[in-house]
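Chains as they are written, first to last, in this note's numbering: chain A, 2 to 516; chain B, 2 to 516.
For glycine and all other residues, C-beta sits at the position ideal for the given N, C-alpha and C.
These figures come from a predicted structure and were not determined experimentally.
Protein chains: 2
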Amino acid sequence: MNNIKNRLGRDIPQELSGIGTLRPYEHPDKRTERCTALNDKLCCGKLVSNLREAILNSGLSDGMTISFHHHLRGGDYVLAMVMDEIAALGIRDLTLCASSLTTAHGCLIGHIKSGVVTGIETSGMRGALAKAISCDCILDKPVIFKTHGGRARSIESGERKIDVAFIAASCCDNMGNMNGCTGKSAFGSMGYAMVDARFADKVVAITDNLVAYPACPVSIPQTMVDFVVCVDAIGDPQLIGQGATRNSKNPVELVIAQYAAQVMIGSGLVKDGFSYQAGSGGISLAVARFLKDYMKENNIRGSFASGGITSAMTNLLEEGYFQALLDVQTFDAEAVSSLLKNRRHMEMDAQMYADPASKGTVASCLDVMILSATEVDIHFNVNVLTASNGVIMGALGGHPDTAAGAKLAIVVAPLLRKRIPIVVDEVVTISTPGDNIDAVVTERGIAVNPAHPELEERLIRMGLPVCSIQKLRDMACQLTGIPEKPRFGENIVGLVEYRDGTMLDVIHNVLPFSS
Amino acid sequence: MNNIKNRLGRDIPQELSGIGTLRPYEHPDKRTERCTALNDKLCCGKLVSNLREAILNSGLSDGMTISFHHHLRGGDYVLAMVMDEIAALGIRDLTLCASSLTTAHGCLIGHIKSGVVTGIETSGMRGALAKAISCDCILDKPVIFKTHGGRARSIESGERKIDVAFIAASCCDNMGNMNGCTGKSAFGSMGYAMVDARFADKVVAITDNLVAYPACPVSIPQTMVDFVVCVDAIGDPQLIGQGATRNSKNPVELVIAQYAAQVMIGSGLVKDGFSYQAGSGGISLAVARFLKDYMKENNIRGSFASGGITSAMTNLLEEGYFQALLDVQTFDAEAVSSLLKNRRHMEMDAQMYADPASKGTVASCLDVMILSATEVDIHFNVNVLTASNGVIMGALGGHPDTAAGAKLAIVVAPLLRKRIPIVVDEVVTISTPGDNIDAVVTERGIAVNPAHPELEERLIRMGLPVCSIQKLRDMACQLTGIPEKPRFGENIVGLVEYRDGTMLDVIHNVLPFSS
């Protein structure tokens with residue numbers, strides 16, 4: 002056996018059968034691995050003095066992919082400040098991989114035109130940016146729209162490599178431990194950002210609330226963070242809470258909500274231990290109120306509610322109607338404080354929420370999912386991405402993920418909006434396949450997917466206004482006339498990716514005067 | 002552009018410039034991805050009826066690597082029941098990768114002799130198993146001893162691939178969400194198991210407390226778990242808490258503790274925001290008491306305490322002496338309930354604790370670390386792995402990790418134990434390199450590493466009994482005579498790996514009559 006002495010003078014065999022080659026110990030890492038100034042914020046290894054320094058240290062260069070989360074929603078300052086700094090540094094040809102894009106991100110129009118951003122992947126897009134891409138074709142490559150689960154899948158699988166993730170945190174320490182539920186810009190769960198942090202090559206934490214080590218709680222740990230930057234403000238608290246809940250008094254919405262609650266009850270799923278998710282729209286919130294009444298009367302205790310969490314859901318948790326909340330995104334300040342103080346209000350990442358490649362998603366554990374729709378067609382296909390005029394104005398979010406996972410996926414929508422029919426022959430853009438939709442509930446009638454005759458039977462026996470989806474389409478058209486089809490151009494400005502990475506649909510540019 | 006229609010009839014280009022090949026949407030995943038019986042524990046996908054079924058479903062076969070955690074310490078039933086089932090299935094030639102092995106794991110002797118286990122990686126080993134390996138050479142390949150940080154590094158890097166991780170949980174739901182701080186067998190933090198769960202190919206959760214979905218809190222999420230098995234008991238609550246703290250009244254230990262506290266104070270590190278870690282031994286706990294008195298007198302508030310957490314530390318947290326606890330392993334029932342109820346008592350995984358390849362460990366953020374020693378030599382090298390007679394009887398744990406990371410690493414040990422000198426010319430086995438040790442504190446004197454003359458100066462000025470390490474060695478030998486050296490054989494029964502994967506030392510078999 003051929004030995005060599007290591008630095009401490011011990012004999013180490015160079016090779017051992019069944020073990021292989023051995024490397025002798027050489028040097029201590031005491032100097033190299035130590036954080037020299039734990040509590041001196043100004044000279045800790047990860048803390049850099051400004052965004053420019055963080056970008057330079059990250060090694061960001063032309064052609065790379067960067068990522069952002071949208072937990073600050075319409076109040077986000079971070080994407081704009083990072084992109085401006087990147088542009089000032091002359092870095093170009095970047096692919097921007099965002100969990101979603103909001104009205105706060107109009108600045109991207111300029112960065113696209115100047116060639117700083119040449120590719121975009123996102124769950125959704127709104128406002129001026131969406132219009133410029135839909136109508137003015139400012140981006141050469143089509144935007145790839147991914148569901149929250151599909152995005153997590155593509156990042157986890159390596160299909161979408163992120164070079165540098167820029168992560169806004171309302172609370173962060175000098176080692177990069179962060180959370181989103183404390184600080185002046187608190188936004189709640191960091192669910193979408195957690196996946197970026199885990200898989201990105203370099204991670205830059207951006208905060209306006211640098212706290213003494215260690216931050217508490219820790220949503221994203223220091224083990225995933227390379228640099229920490231402190232800025233004046235990461236967002237506008239007013240707009241961060243834009244998801245704020247509103248209690249609908251709209252009679253049409255209330256009728257739809259009541260019908261939806263009846264469909265849930267009719268399905269037989271509303272029993273002890275059942276699970277529920279809904280959006281933050283007026284109808285969804287009204288559904289929750291009717292649901293609560295029924296649970297109260299029948300002394301039913303649910304298992305969990307999930308997804309984007311509003312104070313409506315945190316109230317149900319506190320009142321014991323549900324045993325837990327699984328929160329991937331927090332919509333209002335009251336829900337943020339619940340996340341901080343209520344152990345049963347649990348933060349989850351996008352993988353746990355909806356990644357179809359994970360070992361089991363919360364979406365797939367759902368009993369009932371209440372879904373919105375911009376359009377729904379006679380094949381039950383849903384559009385939540387483009388307006389009836391074909392212009393991009395929405396987000397896939399977790400819509401296709403939860404529709405696929407939930408035992409009962411109910412679309413709630415008025416028959417008309419601004420004299421535009423919502424139930425149509427064919428949706429402009431398919432964002433969720435009709436196979437995954439079980440029922441469409443409008444104020445004028447309820448259509449059940451023919452795949453579920455037993456459900457239709459039950460609802461009819463309950464005396465609910467059940468009719469075919471074609472009947473709903475006809476009623477809508479009788480009220481408004483056949484809607485004019487959008488005039489599309491030849492350019493593909495968007496690709497709609499299903500959660501498994503396959504292509505559901507393409508979005509073409511919209512020609513002038515069609516809106 | 003060559004289009005094809007997807008299953009929904011939409012035209013999808015087969016190829017797009019700048020994007021690549023596109024796959025058309027084919028089928029909904031509603032049937033396939035849904036959990037059919039969320040609240041029916043008996044027919045959920047992951048829940049299997051017994052260990053045998055879980056092992057068979059995991060695909061475990063000859064030559065693979067399996068892992069276990071040691072959070073149940075001396076009370077662990079799980080490793081034994083899993084190994085017995087594996088043996089009964091006739092699976093052989095397995096490498097066992099455990100975070101540590103305790104007196105509860107004597108069953109491995111039989112499984113090694115029968116060829117079921119042919120390789121072992123662990124942080125430590127005790128009792129009959131350790132003696133059989135040291136003296137009887139029952140294992141052909143040497144045991145590879147890894148630090149807690151080094152183990153995480155090797156798993157994260159892929160250097161150590163785990164095929165099937167068997168993870169004991171005191172609370173788990175039917176999807177595999179689990180924690181260790183609730184239930185009859187509660188043990189606290191799952192810090193070491195978290196790394197296995199994240200990187201193992203297949204993960205089997207084993208619990209004696211199957212709860213309704215979702216478990217709360219979630220230490221290891223369902224996204225990492227393949228199978229769930231419910232058994233009668235995962236451990237013996239009495240022995241799980243064996244780390245229980247004892248307040249030393251031993252005058253020698255109290256003198257050592259008081260000196261150690263003085264060294265900390267003399268170093269100048271004990272100021273607002275300082276961080277601290279110590280073991281659960283009598284001396285360490287006494288140090289904490291003296292430290293608390295000093296902090297109280299001088300109104301000092303520490304930053305965090307970390308590592309294995311005892312109720313002594315949770316009391317300091319509750320009394321405000323520290324702002325947070327970072328807990329990779331919980332030593333007693335009182336500390337377990339603190340982890341459950343106190344937000345500032347935070348669970349951390351082994352990567353965050355000590356993985357030198359992570360983006361920043363807690364170990365490297367430590368100001369002061371109090372370390373134990375079985376032996377320490379005149380080069381400040383420490384042995385915590387073998388007895389003076391050369392027989393394996395200890396564990397590396399996080400000893401080398403924290404010694405490397407902490408600004409001040411103090412070894413506390415009596416000059417003698419059972420008339421055996423502790424300070425010697427050369428330790429039998431090097432488990433922590435002397436370069437990372439700053440001071441050795443005994444009841445008869447304090448030796449400072451010559452690398453830190455400024456510290457030595459300060460301690461002398463404080464009137465502390467400072468002397469050379471050689472002087473300590475001489476005092477010990479004068480009291481006991483030159484200790485007899487163990488008689489080693491030619492077989493290498495253990496390899497001591499430094500946290501970076503290099504070899505610190507080898508452990509030879511011990512010949513009869515030498516103990």
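Give me the chain B residues within the contact set of residue i, using Cβ-Cβ distance strictly less than 8 Å, ordered along the chain.
| i | result |
| --- | --- |
| A:G361 | C36, G46, K47, M176, G177, Q223, T224, V226 |
| A:D12 | V507 |
Going along chain B in order, which residues have a C-beta closer than 9 Å to the C-beta of residue i?
| i | result |
| --- | --- |
| A:I163 | Ordered by position in chain B, no residue passes the 9 Å Cβ test against A:I163, which lies about 15 Å from the chain. |
| A:L465 | Under the 9 Å cutoff, chain B gives no residues; its nearest Cβ is about 23 Å from A:L465. |
| A:G19 | T119, G120, D141, K142, P143 |
| A:P451 | Result: empty, since nearest Cβ-Cβ is about 14 Å, beyond 9 Å. |
On the CB-based measure, 16 or more other CB atoms within 10 Å of its CB, does residue i come out buried or exposed?
| i | result |
| --- | --- |
| B:M126 | buried |
| A:E320 | exposed |
| A:P14 | buried |
| A:R152 | buried |
| B:V511 | buried |
| A:Q471 | exposed |
| A:R35 | Unreliable placement is indicated for A:R35, whose pLDDT of 38 sits below 50; no coordinate value is reported for it. |
| B:P401 | buried |
| B:G189 | buried |
| A:L480 | exposed |
| B:A169 | buried |
| A:M463 | exposed |
| A:I5 | exposed |
| B:L43 | Confidence is the limiting factor: at B:L43 the pLDDT is only 31, short of 50, which leaves the residue's position unreliable, though a coordinate-based value still follows. Answer is exposed; the Cβ neighbour count stays below 16. |
| A:Q239 | exposed |
| A:S304 | buried |
| B:I483 | exposed |
Under the DSSP definition of a beta bridge, which residues are partnered with residue i?
| i | result |
| --- | --- |
| A:L326 | A:A306, A:H346 |
| B:R290 | None, per the DSSP bridge assignment. |
| B:M504 | A:P25, B:E498 |
| A:R152 | Looking at the DSSP assignment, A:R152 forms no beta bridge with any residue, so it has no partner. |
| B:G236 | B:D77 |
| B:Q278 | B:M370 |
| B:M195 | Looking at the DSSP assignment, B:M195 forms no beta bridge with any residue, so it has no partner. |
| B:T104 | DSSP lists no partner for B:T104. |
| A:F146 | A:T123, A:V497 |
Span of the beta strand (DSSP E) holding residue i?
| i | result |
| --- | --- |
| B:C98 | 95-99 |
| A:N4 | 4-6 |
| B:V467 | That residue, B:V467, is in no beta strand (DSSP E); it is neither H nor E in DSSP. |
| A:A169 | 165-170 |
Under 8 Å Cβ-Cβ, which residues of chain A neighbour residue i?
| i | result |
| --- | --- |
| B:G502 | R24 |
| B:A325 | P215, C217 |
| B:N382 | L9 |
Name the chain B residues that come within less than 7 Å of residue i, Cβ to Cβ?
| i | result |
| --- | --- |
| A:A193 | Contrary to the premise, residue 193 of chain A reads as Tyr rather than Ala in this sequence. Those do not exist, as A:Y193 stays about 15 Å from chain B at its closest Cβ, beyond 7 Å. |
| A:E16 | What A:E16 touches in chain B: nothing, since even the nearest Cβ is about 12 Å away. |
| A:Q352 | T224 |
| A:E27 | T503 |
From what residue to what residue does the alpha helix (DSSP H) around residue i run?
| i | result |
| --- | --- |
| A:K132 | 128-137 |
| B:C478 | 470-481 |
| B:T315 | 312-319 |
| A:K114 | 109-114 |
| B:D356 | Unbroken run through B:D356: none, as it is neither H nor E. |
| B:V402 | The sequence given here has Asp at residue 402 of chain B, not Val. Its alpha helix (DSSP H) spans residues 400-406. |
| A:L52 | 52-59 |
| A:V580 | One cannot answer for residue 580 of chain A here, as it falls past the ends of chain A, which runs 2 to 516. |
Which chain A residues sit within Cβ distance under 7 Å of residue i?
| i | result |
| --- | --- |
| B:L318 | What B:L318 touches in chain A: nothing, since even the nearest Cβ is about 11 Å away. |
| B:A488 | According to the sequence shown, residue 488 of chain B is Arg rather than Ala. The premise fails here: B:R488 is roughly 17 Å from chain A at the closest Cβ pair, so nothing lies under 7 Å. |
Output, in sequence order along the chain, the residues in the region 269-287 of chain B whose CB is closer than 8 Å to any CB in chain A.
Answer set for the region 269-287 of chain B: D273, G274, F275, S276.
Could you name the residues of the region 184-214 of chain A whose beta carbon sits closer than 7 Å to any beta carbon of chain B, in the order they occur along the chain?
In summary, the residues of the region 184-214 of chain A whose CB is separated from some CB of chain B by less than 7 Å are A213, Y214, in the order they occur in the chain.
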